[in-house]
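Numbering (our numbering), first residue to last: 8 to 108.
Here's what the structure looks like:
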């Protein structure tokens, strides 16, 4: 699974695959899927954040992978230059568009 995130050029296909396995019965598979979504953001600098972030947030209360999911969300925010808590859309925000208070 990690190899796909690191080497497959079709980030959207990989994203959709990881979203499907976020509900896998095995804890390791769910955790790896979350981690790989963060890898996609780091490598490709794009994700369908309006789909990915709500899917991840819905799993924050999973006692087995909640911490890993939290880390994946932080990675996505960092690598797509999204300020924490900002509205999400399908397109990454350019760093020059950010306004910090």
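By construction, the Cβ of each residue, glycine as well, lies at the ideal position given by its N, Cα and C atoms.
This one's a predicted model, so the numbers in the text were calculated from it and none came from an experiment.
Beta-carbon contacts of residue i that lie in its chain and below 6 angstroms, excluding the five residues immediately before and after
i, result
"residue 80", "63"
Rounded separation between residue i and residue j - CA only
i, j, result
"residue 25", "residue 86", "18 angstroms"
"residue 8", "residue 45", "13 angstroms"
"residue 67", "residue 61", "10 angstroms"
"residue 57", "residue 38", "20 angstroms"
"residue 32", "residue 51", "28 angstroms"
"residue 83", "residue 12", "13 angstroms"
"residue 5", "residue 89", "Residue 5 lies beyond the stretch modelled for the chain, which goes from 8 to 108, so this question has no answer here."
"residue 65", "residue 14", "27 angstroms"
"residue 69", "residue 10", "25 angstroms"
"residue 78", "residue 27", "19 angstroms"
"residue 16", "residue 36", "21 angstroms"
Beta carbon of residue i nearer than 7 angstroms to that of residue j
i, j, result
"residue 29", "residue 40", "yes"
"residue 47", "residue 18", "yes"
Close beta carbons around residue i, own chain, < 7 angstroms, minus the five adjacent residues each side
i, result
"residue 34", "71, 72"
"residue 75", "38, 41, 42"
Beta-carbon proximity list for residue i, same chain, < 8 angstroms, skipping 5 on both sides
i, result
"residue 59", "22, 26, 44, 83"
Item to complete: Counting only runs of 4+ residues fully inside the segment 25-62, write out the alpha helix (DSSP H) ranges in chain order.
Response: 34-51
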